[in-house]
Amino acid sequence: MDFLGLMLVGILVGLTTVLFGFGGGFVAVPIITLVDADLGSDTARVAAATSALVMLVNAIIATVSTKRETLSHLRGRWWLLILLAIGGMLGAFGGRFAPEAFLQWGFVVYIAITAVDLLARPGFFRPGSRVKEGVGEGGRGISAAWGVPIGGLASFLGVGGSVMTVPMMRRSGATMTVATTLANPLTLVIMSPAVLVTITAPASIGAPGIVGSLDLYSAAALLVGAIPVIVVLRRRVPKIPELVHAWGYFILLITAGVVVALA
């Protein structure tokens, strides 16, 4: 895929960042998996690392552009943020040594389990019994105890934290808009140490445009397409009905898993 083609995909990355809080992970991983398929056993590692870089930059832009009243839902959640960062660092470090097949199929299995969970348990598409009356649009939040597991899995597979944080915030009573918006600052916290681990790792893949485990050429093209979309849409977030928003999240989740499985 040429630079222009990756830029067009970057527009989709920007849309998913704003609308679903994915930060690009569920688009970037499948696309990089296809683009760098000729790297063989290193493909999944490069896809995860490059996705982490794309998500980090997108999360920074999206967070800076987010309304302060929305970000206020994270006020006082320092332990959660600290543990997410620790998990992100540990997951990225572990990803350096994991077999390629484990990373690829781990991504697919992770998405499959999440999809089944979203359909089987109440609270994502329909109100759950634990969502009490009087809970604000930000819900009750995520327990800090989940920080390391969320951060570790997100950076290990390069998917970002939204696949866990969005459903968890939904079940705590948050609206889709708030849950997907807050997924960006949470992704920022996870991916900052993850990218640091990645770029300081010794270069091991000899291919044009690859630095360490990062495909900088593809990352640059995706970001050129994504950043303008994020800046424009984050200031004027589209109004989407809750149920449509939730099903859109689910469909994109399944699509990403299928693409990686087939690649």
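Residue numbers (this note's numbering): 1372 to 1634.
The beta-carbon is built from N, C-alpha and C at its ideal position, and this holds for glycine as well.
- prompt: Would you call the CB atoms of Thr-1434 and Asn-1555 closer than 8 angstroms?
  reply: For the 8 angstroms CB-CB criterion, Thr-1434 and Asn-1555 form a contact.
query: With respect to the alpha helix (DSSP H) encompassing Gly-1376, which residues constitute its N-terminal and C-terminal limits?
result: 1374–1391
task: Buried or exposed for Ile-1622, please, with buried defined as at least 16 other CB atoms from any protein chain shown within 10 angstroms of its CB.
output: exposed
task: Would you identify the three-state DSSP class for Asp-1586, choosing helix, strand or coil?
output: strand
- request: Take Met-1372 and list the residues in its own chain whose beta-carbon comes closer than 7 angstroms to its own, dropping the five residues that flank it on each side.
  value: Val-1406
- prompt: Ser-1514: which of Trp-1618, Trp-1449, Ser-1584 sits nearest, CA to CA?
  reply: Trp-1449
task: May I have the straight-line CA-CA distance separating Met-1547 from Gly-1494, to the nearest angstrom?
output: 11 angstroms
query: Secondary structure at Ala-1463, three-state DSSP: helix, strand or coil?
result: helix
- request: Can you check DSSP and say which residues form a bridge with Ile-1581?
  value: Asp-1586
- request: Counting only the same chain and skipping the five closest in sequence on each side, list residues whose C-beta sits under 6 angstroms from that of Val-1380.
  value: Ile-1402
- prompt: Smallest Cα separation from Val-1485: which of Val-1417, Gly-1385, Leu-1524?
  reply: A small fix is needed here, since residue 1485 is Thr in this sequence, not Val. Taking only the C-alpha atoms, the option nearest Thr-1485 is Leu-1524.
message: Do Val-1566 and Leu-1427 have their beta-carbon atoms positioned less than 8 angstroms apart in this structure?
response: yes
message: Counting beta carbon pairs with one atom in the segment 1591–1609 and one in the segment 1461–1476, are three or more of them shorter than 8 angstroms?
response: no
- request: Verify whether the separation of the beta carbon atoms of Thr-1388 and Asn-1429 is less than 8 angstroms.
  value: yes
Arg-1416 classed as buried or exposed, judged by whether at least 16 other C-beta atoms fall within 10 angstroms: buried
field: For Glu-1613, the first and last residue of its enclosing alpha helix (DSSP H)
entry: 1613–1633
field: Anticipated Cβ contact below 8 angstroms, Leu-1474 with Ala-1419, distance rounded
entry: Indeed, because the Cβ distance is near 6 angstroms, the residues count as touching under 8 angstroms.
query: Just curious, the alpha helix (DSSP H) that Phe-1478 is in, first and last residue?
result: 1471–1491
N- and C-terminal bounds of the alpha helix (DSSP H) containing Glu-1440: 1439–1442
task: Starting from Leu-1427, trace the alpha helix (DSSP H) both ways and give me its first and last residue.
output: Per DSSP, Leu-1427 belongs to the alpha helix (DSSP H) from 1414–1435.
Whole-angstrom C-beta distance between Met-1562 and Gly-1459, which should lie under 8 angstroms: Going by Cβ atoms, the distance from Gly-1459 to Met-1562 rounds to 6 angstroms, so yes, they are a contact pair.
Host alpha helix (DSSP H) of Val-1537 (start-end): 1533–1542
- prompt: Where does Arg-1605 land, buried or exposed, given buried means 16+ other C-beta within 10 angstroms?
  reply: buried
query: Does the separation of the CB atoms of Val-1537 and Glu-1508 fall below 8 angstroms?
result: no
- prompt: Leaving out five residues before and five after Ile-1521 in sequence, what residues of the same chain have Cβ atoms less than 7 angstroms from its Cβ?
  reply: Leu-1455, Gly-1458, Gly-1532, Met-1535, Thr-1536
message: Between Val-1608 and the ligand ADP, is there a pair consisting of the residue's CB and a ligand heavy atom that are separated by less than 7 angstroms?
response: You won't find the ligand ADP in this model; it holds no ligand whatsoever.
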